[in-house]
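Numbering (this note's numbering), first residue to last: 184 to 362.
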């Protein structure tokens, strides 16, 4: 088998692909799957299928936008795309940072909140609207990021979308419908 990421990719990325290929061949993976592989320099994900592709595209676009505004707030995205020999498999690659283990108070909460506020105040969207130019995912749940005139409209539209997908996947819920 050839390295689907091309001859310039390192052995670790090739091993990731081989493990994914084996899992697919043996029927061990669902339609929507994300495998994560990390090493000293980069973190990569491989996802399967349409939603896997869209999730990794959204991850790349979103982290690129965040990294442009505040490079210290998220890992630097490197690339995303489709594997050459497995056209239904897609990858996302970003810089990997080793975090300190077993020290939950390492993060300065005030600094985090300040950076989050800076992120949301620093970008301008087309015509001052709220949204994003592509679908992003929360796990395996696609988010409705279509442009809205107000934050309230964007939030309520997104929440209605989440509830609709939940109902499609799990069936009606009387308590949620009453809300």
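Backbone N, C-alpha and C define an ideal beta-carbon position, used for all residues, glycine too.
By the neighbour-count criterion, in which 16 or more other beta carbons inside 10 Å mark a residue as buried, residue 243 falls on the buried side. Note: residue 300 is not bridge-paired with any residue in the DSSP secondary-structure output. In the structure shown, residue 309 adopts helical secondary structure according to DSSP, grouped into three states. Under DSSP, residue 331 takes part in a beta bridge, and its partners are 313. When the Cα atoms are used, residue 245 and residue 233 turn out to be separated by approximately 18 angstroms. The segment 249-258 makes no contact with the segment 328-347: fewer than 3 CB pairs, one atom from each, lie closer than 8 angstroms. The C-alpha of residue 279 is placed about 35 angstroms away from the C-alpha of residue 335. Look at residue 265 here: in three-state DSSP terms it is strand. Bounds of the beta strand (DSSP E) holding residue 276 are 272-278.
Residue burial annotation: residue 241 is buried, with at least 16 other C-beta atoms found within 10 angstroms of its C-beta. One thing to note: residue 302 has its Cβ within 8 angstroms of the Cβ of residue 256. In chain order, 346 place their CB closer than 7 angstroms to the CB of residue 359, counting only its own chain and leaving out the 5 sequence neighbours on each side. Here residue 320 is actually not in contact with residue 262; their C-beta atoms are around 18 angstroms apart, not less than 8 angstroms. In this structure, the beta-carbon distance from residue 310 to residue 275 does not fall below 8 angstroms. Straight-line spacing of the CA atoms in residue 247 and residue 325 works out to 18 angstroms. Residue environment: residue 354 is assigned as exposed (fewer than 16 neighbouring CB atoms within 10 Å of its CB, all protein chains considered).
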